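I have placed the structure first, in the form of structure tokens, so that the comments after it can refer back to it.
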Amino acid sequence: MVDPPIPLEPRNDPFQHALRNTSQIVFKRLLHFELLTSTNEYLKQQGNIGEQEGLIVLADEQTAGKGRLNRSWYSPRGGLYFSILLRPISIKAEQVPLITLTAGVAVAKVLQSSLGIQPSLKWPNDVMVGQKKVGGILAESAFIGNDIDFVVVGIGINANSSIKDFPVELQAVASLQDLVQRQINLPRLFGYLIGQLEFWYLRLCDKGFPAIAPHWKQLCYHLNQQVSIKEEDKIIIGIAKDIAADGSLIILTDKGRISIRSGDVISLQYLG
Ligand code: BTN
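Heads up, the sequence shown is in the numbering used here, so the first residue is 30 and it goes up one at a time.
So this is what it looks like as structure tokens:
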């Protein structure tokens, strides 16, 4: 049997200090590891053994970082990789996608306010700067009957990542340090992100998605643009018109309005 990973000593850890500077209503506890397979996988195990809402797991490096649709998330040192554990009471099982969208708003607002860059959100979970992806969000849930037991929301950001060392097929991503031409203070960025994730999550729980949707739409990468969406083996082409109350993307096609629950968006405007 493999020994369980051991978190870093909290004393003098700048990430713990950064967490203490946030409001800490929901997110009060951080386990920081040098190396994990995946912070989402680790936190799902904790969720399954009854860990409370609000635990954060952060790793400096992941050996099996996961992305959406069973993709992998390349996670060398220099990036910011963490997951948060939620046990939302007022959110229904079919509304889990709203948590991903809400987390996207939180991440984009932090990048805007702390780094002065103009990020946008590509439905459902990509954080973009210009036409390149700088971050991604992966929400994974467990259910008891028809109710949510817990949701693990994982966030990965290419912060001080050296893109030239990424595998060739991943070179089309961006790194924050290249965008702002300086090293990113990871603990500080982490603290801001936790603060905003808490703010927007509580807003979603208290006021529902109508209080989030206008912000998401304002940040959207492809609203009112022609897009092509790959949904399983179908390709749908139309204009991205809106975001529905359940988080689906509403597309106006030549056959009328349709709503897409999962898939990959390609913005045709950017294909040249
Ligand atoms: C995506 O863009 O498809 C989502 C990427 C999410 C990556 C983060 S990194 C921290 C957390 N742990 C994982 O294994 N994945 C998420």
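We put the CB at the ideal spot given by N, CA and C, even for glycine. Note that the structure is a prediction, hence the values are computed from the model and not measured.
DSSP places residue 258 in the strand class (E or B) of the three-state scheme. Nearest Cα to residue 207 within the set 146, 197, 166: 146. Closer than 8 Å to some heavy atom of the ligand BTN: that describes the Cβ of residue 93. In this structure, the straight-line span from the alpha carbon of residue 33 to that of residue 213 is close to 30 Å.
It is roughly 33 Å from the alpha-carbon of residue 65 to the alpha-carbon of residue 258. When DSSP reads this structure, residue 139 sits in no beta bridge, so it has no partner. Within the chosen limit of 8 Å, the ligand BTN does not reach the beta carbon of residue 107 with any heavy atom. Excluding sequence positions up to five before and after residue 123, its CB lies within less than 7 Å of the CB of 275, all in the same chain and listed in chain order. With three or more CB-CB distances shorter than 8 Å, the stretch 249-264 counts as touching the stretch 283-295.
Each of 96, 230, 216, 100 was checked against the Cα of residue 113, and the nearest Cα belongs to 230.
The residue among 107, 173, 222 with its C-alpha nearest the C-alpha of residue 192 is 107.
For residue 196, the number of other beta carbons within 10 angstroms of its own is below 16, and it is reported as exposed. The straight-line gap separating the alpha-carbon atoms of residue 149 and residue 130 is approximately 12 Å. Taking the C-beta atoms as reference points, residue 227 is found no nearer than 9 Å to residue 92. In the same chain as residue 36, and ignoring 5 residues on each side of it, the C-beta atoms closer than 8 Å to its own belong to 60, 61, 62, in chain order. Fully contained in the stretch 108-173 are the following beta strand (DSSP E) runs of length 3 or more, in chain order: 109-115, 148-151, 155-158, 161-173.
The closest CA to that of residue 234, considering only 161, 128, 98, is found on 128. For residue 236, the enclosing alpha helix (DSSP H) stretches over residues 215-236. Sequence-distant Cβ neighbours of residue 71 in its own chain, meaning closer than 6 Å and more than five residues away, are 65, 86. Residue 100 has its CB nearer than 8 Å to a heavy atom of the ligand BTN. According to the DSSP assignment, residue 58 belongs to the beta strand (DSSP E) that extends over 58-65. DSSP places residue 68 in the uninterrupted alpha helix (DSSP H) bounded by 68-77.
Around the beta carbon of residue 76, a 10 Å sphere encloses 16 or more other beta carbons of the protein chains shown; the residue is thus reported as buried. Excluding its 5 nearest sequence neighbours in each direction, residue 282 has C-beta neighbours in its own chain below 6 Å: 267, listed in chain order.
When C-alpha distances from residue 160 are compared across 97, 203, 46, the shortest belongs to 203. In this structure, the C-beta of residue 128 stays at least 8 Å away from each heavy atom of the ligand BTN. Shown here, residue 49 sits in a helix according to DSSP, grouped into three states.
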